[in-house]
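Asks: Below is one structure. I have some questions about it.
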Amino acid sequence: MQWYVQTIVPFVTGLPNWMGGILSGQEGAQTNQIDSLIVAYASNLDALIGAMNFNIFRASLADIWLGVQGVVFYVLGGIPFLLAAVATLFVLKVSTTAIVAVGPLFIAFLLFDQTRQYFWGWVGAIAGFMLAQVLISVVLAIEIGFINTVMIKDGTLNTTLVGNIVILLVFGTFTALVIELPQQAASIMGGGPSGGGMISKISGFGAAKSMTSGAAAGISRLRRGRNNIK
């Protein structure tokens, strides 16, 4: 038990942070990346609002409209992305901690042929959570760089109609990535289907299908066991 706590637990909890920092070109844990993302987003939003000093006698209605539209799109696109990134990463970390906590039980399952499959399922689940954290870390680094280099250039936002639409589309794309990455990581590690992740989350079809499959498998095992009784 002591070996498990001193060796396996630090490896599982620390490897995603280290690998994510290496792949994204940033040092530090993912919590620091989230802090950096929030700080970059908030500071740019504050600068954007502070720069909206319109002279009603000189500024055209189109300039005023595009400036207000840029702020609205920046908020509408950024807030859901921040919520999705923080919530997804928090759920992954809590789930990883919970699964690692019951690790000794699944290691004991490795000793018996009848329960060995549960051990490998546990290993696949942990690997999926670790890979998802690494991928989200890379996405956060890309988004931080995009905000600082593309959206905001020299402290100013490109308040054109095309620029405003690009902001909304980019934030929406990154939000979809953050939501979908855990499903893709689980598919890679578990060999399951990779499509329909977001649809399953929204509609609940994935959970229902998993419950149905599990119940059917359990009934099938019970029937096989009953037929073997002589």
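The working numbering puts the sequence shown at residues 7 to 236.
Don't be surprised by glycine CBs; every beta carbon is placed ideally from N, CA and C.
What residue from 138, 139, 108 and 137 has the CA that sits closest to residue 124's CA?
Replies: Comparing Cα positions, the closest option is 108.
Asks: Pull up the CB-CB distance for residue 87 and residue 173, whole angstroms please, since I reckon it's below 8 Å.
Replies: Not confirmed; about 11 Å, so no contact.
Asks: Would you check if there are 3 or more beta carbon pairs closer than 8 Å linking the stretch 91-98 to the stretch 112-131?
Replies: In short, these stretches do not touch, since the Cβ pair count stays below three.
Asks: Does the ligand NAD have even one heavy atom less than 7 Å from the beta-carbon of residue 188?
Replies: Here there are no bound small molecules, and the ligand NAD is not part of this structure.
Asks: How far does the alpha helix (DSSP H) with residue 139 in it reach, from first residue to last?
Replies: From DSSP, the alpha helix (DSSP H) with residue 139 extends over 122-152.
Asks: Quick one, are the C-beta atoms of residue 142 and residue 42 less than 8 Å apart?
Replies: Contact: no.
Asks: Measure how close the beta-carbons of residue 18 and residue 132 come, nearest whole angstrom, since I'm counting them as under 8 Å.
Replies: Indeed they touch by this definition, with Cβ atoms about 6 Å apart.
Asks: Can you tell me where the alpha helix (DSSP H) with residue 113 in it begins and where it stops?
Replies: Residues 109-115.
Asks: Measuring alpha carbon to alpha carbon, tell me which of 66, 21 and 85 ends up nearest residue 51.
Replies: Residue 85 is the option with its Cα nearest to residue 51.
Asks: Would DSSP call residue 119 helix, strand or coil?
Replies: Coil.
Asks: In chain order, what residues of the same chain have a beta carbon less than 7 Å from the beta carbon of residue 75, not counting five sequence neighbours either side?
Replies: The answer, listed in chain order, is 170.
Asks: Since residue 140 and residue 26 should fall inside the 8 Å C-beta cutoff, what is the C-beta to C-beta distance between them, to a whole number of angstroms?
Replies: Contact holds; Cβ gap of about 5 Å.
Asks: Starting from the Cα of residue 178, find the closest Cα among 168, 156 and 83 and give me that residue.
Replies: Measuring from the Cα of residue 178, the nearest candidate turns out to be 83.
Asks: Label residue 118 either buried or exposed according to how many other C-beta atoms from any shown protein chain fall within 10 Å of its C-beta, with 16 as the threshold for buried.
Replies: Classification of residue 118: exposed, given that the 10 Å Cβ count is below 16.
Asks: Roughly how far, in whole angstroms, is the beta-carbon of residue 183 from the beta-carbon of residue 156, given that I think they are within contact range, below 8 Å?
Replies: At roughly 16 Å, the Cβ-Cβ gap does not stay under 8 Å, so residue 183 and residue 156 are not in contact.
Asks: With distances taken between CB atoms, is the gap from residue 181 to residue 72 smaller than 8 Å?
Replies: Taking 8 Å as the Cβ cut-off, residue 181 and residue 72 do not qualify as a contacting pair.
Asks: Quick one: residues in its chain with C-beta nearer than 8 Å to the C-beta of residue 21, no 5 flanking neighbours on either side, listed in chain order?
Replies: Hits under 8 Å: 136.
Asks: Tell me which residues share the same chain as residue 187 and place their Cβ nearer than 6 Å to its Cβ, disregarding the 5 neighbours each side in the sequence.
Replies: Contacts found: 138, 141 and 142.
Asks: Which residue's Cα is closest to the Cα of residue 10: 111, 190, 28 and 98?
Replies: Nearest of 111, 190, 28 and 98 to residue 10, Cα basis: 111.
Asks: Cutting at 7 Å between CB atoms, please list the residues of its own chain near residue 152, excluding the five before and the five after it.
Replies: Within the same chain, residue 152 has close Cβ partners 176.
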